[in-house]
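Novice: In the UniProt record's numbering, the protein residues as written are 1 to 674. Questions regarding the structure given below will be posed in turn.
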């Protein structure tokens, strides 16, 4: 306690000494117009605790001191008032003369006089006045400069960029000055003033932009076109009817304008981020408490969110999304209608064209720096893809034209080789069916690549998404995955059509040839059978000729799927044929050889594994190739469970198959434990 009182006493003595020095020097400084010295003395006076000063004056006065502390305080208070008026006058004079050096000189004196807010406000108004003149000049000359630099298509984006850079530069240059002479926490005052002026200047740029680019007319034309389509995406028939409508904006005419809109929006987003970062760091460096800092940061966000600049950018984003959607839809429809099929290609031009357009639009949306804008474009992409899938489905729904299929496949080959179809409408329909089936398959691959690329681009563009924003983005990407599933369903539907029209009509009579051969053979009959053309040799030749017609016209993945379907149908049909036949030991041996040969052939013609589809047939052949019923336990027993593939046949099916062997006794079959 004693030490604290001694320290307080010592401080009061120092304050009295400072008070005397300030009182003696301030009047001389004012008289000599030494504003720096006078302001520094007043600053020292103002830094003294006024309550302590009054108590000190009372104590000294009660002791009858010759020098009145009250007089010194009174002198300094009057000097403070006078100096404040003088600094304001001199600052205003410097502003009127546009004397930047004097402006900066007196700017530094305001905080010494306890006029922090006044100083920054006056300086901010001066800077805004200078910026207004500069922006007006740049706006007037923007088109001429853009023309000279061959940047007319982005002239207003360049003008807006320059404008925002001017305001950002003021913050960048003056932040250290304000922090040095005013302290931290005052930059928000300057930022608020600058933002008000920025709103006015941006408004002028946007007005000129809207006028020069005829934004209102374009919006009206697109809206009228959309209303004529019922507010929804038009069907292909509707689009073809409307394609002659010259009133609607054409995609190529909107392309450059959309780019300019994205640049404008992205520049504002970057400007806002810069401003928030600078002001936030200044607030956090201040000596305010945590609650007050948070309030200041919230105040900054409110100022920016409610600014005219923010509202104008919402309008820009809305216009961009309208134009981008129109561009995307119209371009995709044109790609579908102008689809061409080139010699040697398995897919037509629409696949590359459509996905090029979609990639372009999504990447362009990323440049807006807006998560909401990006998500809207991704949703539009999903909608466009659904319409694209509808176009793919039309020939698939019509089915694969039936007929003498061997000739049909030759016709397809001829169409690919000559680049056109010169035969019947049926042959054209077959070629169109295969083409759309390939398009659907390739689109699935392109879509998977698209969303993987988009996900990576989003991470690079928006490295710090909030939890809510990330959830929204993930939901949009999920829509693309749903479209992928729809595309796969489209491919599966096409394969089902191909199966019913192409595979079954040929496969069934080929497999039925199995009944033309006896499977109850003597040694002589076995030798004769092997010397001639066997059933399986004929079947493999037929299958190979059949598949070779499709190998060059189907995409690799479609061809593998086609072989998989063919394998399933072959094994299923052959299994039914086997169950309707009878075998002896040699017949079972021949069957086992035939199944192995078939499995080897089918495995060799596809990159997919077909062994799983052959498992039941292989197990059937194994059962019918047994020498004795008791041998089954060597394959079926639990000791072999880990060595052999799991059995796909039920115990009842096994007994039924064993009964096909005429040399196996029914009693032996019944006794076997399964």
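Each residue gets a CB set at the ideal place from its N, CA and C atoms; glycine is no exception. Quantities reported herein were computed from a predicted structural model and do not represent experimental measurements.
Distance, Cα to Cα, residue 415 vs residue 451?
Specialist: Here the question's residue 415 lines up with position 415 in the chain shown. Here the question's residue 451 lines up with position 451 in the chain shown. With a pLDDT of only 49 at residue 415, under 50, the local geometry of the prediction cannot be trusted, and no value is derived from it.
Novice: Could you please give the first and the last residue of the uninterrupted alpha helix (DSSP H) stretch that includes residue 98?
Specialist: Taking the first residue of the chain shown as position 1, residue 98 is located at position 98. Careful: residue 98 lies outside any alpha helix (DSSP H) and carries neither H nor E.
Novice: Within 10 angstroms of its Cβ, does residue 174 collect 16 or more other Cβ (buried), or is it exposed?
Specialist: For the purposes of this step, residue 174 is taken as the residue at position 174 of the chain shown. Buried, because 16 or more other Cβ atoms sit within 10 Å of the Cβ of residue 174.
Novice: Spatial neighbours of residue 151 within its chain, please: C-beta separation below 7 Å, excluding the five flanking residues on both sides.
Specialist: Here residue 151 refers to the residue found at position 151 when the chain shown is read from its first residue. Result list for residue 151: 158, in chain order.
Novice: On the DSSP letters alone, give me the boundaries of the alpha helix (DSSP H) that residue 671 sits inside.
Specialist: In the chain shown, counting from the first residue as 1, residue 671 sits at position 671. From DSSP, the alpha helix (DSSP H) with residue 671 extends over 666-671.
Novice: So residue 107 and residue 119 are in contact, right, with Cβ under 8 Å, and what is the actual spacing, rounded?
Specialist: Here residue 107 is taken as the residue at index 107 of the chain shown, counted from 1. Here residue 119 is taken as the residue at index 119 of the chain shown, counted from 1. About 6 Å; that satisfies the 8 Å criterion.
Novice: When the Cα of residue 633 is compared with those of 309, 330, 672, which residue comes out closest?
Specialist: By 1-based counting over the chain shown, the position of residue 633 is 633. Nearest C-alpha to residue 633: 672.
Novice: Could you tell me the alpha carbon to alpha carbon distance between residue 255 and residue 378, rounded to whole angstroms?
Specialist: If you number the chain shown from 1, residue 255 lands on position 255. If you number the chain shown from 1, residue 378 lands on position 378. Using only the alpha carbons, I get a separation of about 18 Å.
Novice: Does DSSP put residue 661 in a helix, a strand or coil?
Specialist: The residue given as residue 661 occupies position 661 in the chain shown. Strand.
Novice: Report the option in 581, 195, 510 whose CA atom is closest to the CA atom of residue 311.
Specialist: Taking the first residue of the chain shown as position 1, residue 311 is located at position 311. Here the closest residue by C-alpha is 195.
Novice: Below 8 Å on the Cβ atoms is my guess for residue 222 versus residue 322; work out the distance and round it to an integer in Å.
Specialist: Your numbering for residue 222 matches position 222 in the chain shown. Your numbering for residue 322 matches position 322 in the chain shown. About 6 Å separates the two Cβ atoms, so the contact holds.
Novice: Tell me where the alpha helix (DSSP H) around residue 116 begins and ends.
Specialist: Position 116 of the chain shown, counted from the start, is the residue given in the question as residue 116. Element bounds for residue 116: 116-148.
Novice: Report the three-state DSSP secondary structure of residue 515 (helix, strand or coil).
Specialist: Taking the first residue of the chain shown as position 1, residue 515 is located at position 515. Helix, per DSSP.
Novice: Kindly indicate which three-state DSSP category residue 550 falls into: helix, strand or coil?
Specialist: Here residue 550 refers to the residue found at position 550 of the chain shown. Residue state, collapsed to three classes: helix.
Novice: Kindly list the residues whose CB is nearer than 7 Å to the CB of residue 213, restricted to its own chain and excluding five residues on each side of it in sequence; keep chain order.
Specialist: Sequence index remark: in the chain shown, residue 213 carries index 213 (1-based). Around residue 213: 257.
Novice: Going by DSSP in three states, residue 341 sits in which element: helix, strand or coil?
Specialist: As a first step, residue 341 must be located in the chain shown, where it is residue number 341. DSSP places residue 341 in coil when its eight states are reduced to three.
Novice: Between which two residues does the alpha helix (DSSP H) containing residue 268 stretch?
Specialist: Counting from 1 along the chain shown, the entry for residue 268 is found at position 268. Its alpha helix (DSSP H) spans residues 251-284.
Novice: Specify the secondary structure class of residue 583 as computed by DSSP and reduced to three states.
Specialist: As a position in the chain shown, residue 583 is number 583, starting the count at 1. Reduced to three states, the DSSP call for residue 583 is strand.
Novice: I'd like to check one pair, residue 178 with residue 86: are the Cβ atoms closer than 9 Å?
Specialist: In the chain shown, the residue the question calls residue 86 occupies position 86. In the chain shown, the residue the question calls residue 178 occupies position 178. Going by C-beta atoms, residue 86 is not nearer than 9 Å to residue 178.
Novice: State whether the segment 535-554 contacts the segment 474-487, with contact taken as three or more CB pairs (one from each stretch) at a distance under 8 Å.
Specialist: Counting Cβ pairs under 8 Å, fewer than three are found: no touch.
Novice: With DSSP run on the structure shown, which of helix, strand or coil describes residue 288?
Specialist: Numbered from 1 along the chain shown, position 288 holds the residue referred to as residue 288. Residue state, collapsed to three classes: coil.
Novice: Would you kindly work out how many angstroms separate the C-alpha atoms of residue 663 and residue 585, rounded to a whole number?
Specialist: Your numbering for residue 663 matches position 663 in the chain shown. Your numbering for residue 585 matches position 585 in the chain shown. Taking the straight line joining both Cα atoms gives about 7 Å.
Novice: Quick one: is residue 419 buried, meaning 16 or more other Cβ sit within 10 Å of its Cβ, or exposed?
Specialist: Taking the first residue of the chain shown as position 1, residue 419 is located at position 419. With a pLDDT of only 48 at residue 419, under the threshold of 50, the placement of this residue in the model should not be trusted, and no figure is reported.
Novice: Could you check whether the segment 364-379 touches the segment 453-464, counting it as contact only if at least three pairs of C-beta atoms, one from each stretch, sit closer than 8 Å?
Specialist: Enough Cβ pairs lie closer than 8 Å, so yes.
Novice: Would you mind sorting residue 658 into buried or exposed? The rule is 16 or more other CB atoms within 10 Å of its CB.
Specialist: As a working note, residue 658 is residue 658 in the chain shown. Buried, because 16 or more other Cβ atoms sit within 10 Å of the Cβ of residue 658.
Novice: Under 8 Å, with one C-beta from each stretch per pair, do the segment 268-284 and the segment 334-354 reach the 3-pair mark?
Specialist: Result no; under three Cβ-Cβ pairs closer than 8 Å.
Novice: Do you know offhand how far residue 646's Cα is from residue 503's?
Specialist: Translated into positions along the chain shown, residue 646 becomes position 646. Translated into positions along the chain shown, residue 503 becomes position 503. Each residue's Cα considered, the two are about 30 Å apart.
Novice: So which of 520, 468, 394, 604 has the shortest CA-CA distance to residue 497?
Specialist: Looking up residue 497 in the chain shown gives position 497. Nearest of 520, 468, 394, 604 to residue 497, Cα basis: 394.
Novice: Buried or exposed: which applies to residue 515, given that a residue is buried once 16 or more other Cβ atoms fall within 10 Å of its Cβ?
Specialist: Here residue 515 refers to the residue found at position 515 of the chain shown. Exposed, by the Cβ-count rule.
Novice: Looking at residue 477: is its Cβ nearer than 9 Å to the Cβ of residue 371?
Specialist: Start at 1 with the first residue of the chain shown, and residue 477 comes out as number 477. Start at 1 with the first residue of the chain shown, and residue 371 comes out as number 371. No; because the gap between Cβ atoms is not below 9 Å, this pair is not in contact.
Novice: For residue 511, I'd like the list of residues in its chain whose CB is within less than 8 Å of its CB, leaving aside the five on either flank, ordered along the chain.
Specialist: In the chain shown, the residue the question calls residue 511 occupies position 511. So the list reads 539, 570, 573, 574, 577, once near-sequence residues are dropped.
Novice: Beta-carbon within less than 7 Å of residue 139's beta-carbon, same chain only, minus the 5 sequence neighbours each way: which residues are those?
Specialist: Here residue 139 corresponds to residue number 139 of the chain shown, with the count starting at 1. Counting only Cβ-Cβ distances below 7 Å, and skipping sequence neighbours, we find 159, 204, 205, 208.
Novice: Looking at the structure shown, is residue 510 part of a helix, part of a strand, or coil, going by DSSP?
Specialist: The residue labelled residue 510 in the question sits at position 510 within the chain shown. In this structure, residue 510 counts as helix in the three-state DSSP scheme.
Novice: Kindly give me the distance between the Cβ atoms of residue 581 and residue 660, rounded to whole angstroms, as I take these residues to be in contact under 8 Å.
Specialist: For the purposes of this step, residue 581 is taken as the residue at position 581 of the chain shown. For the purposes of this step, residue 660 is taken as the residue at position 660 of the chain shown. Contact flag correct, Cβ pair sits at about 7 Å.
Novice: Rank 113, 109, 88 by C-alpha distance to the C-alpha of residue 76 and give the top, closest one.
Specialist: For the purposes of this step, residue 76 is identified with residue 76 of the chain shown, where counting begins at 1. Taking only the C-alpha atoms, the option nearest residue 76 is 113.
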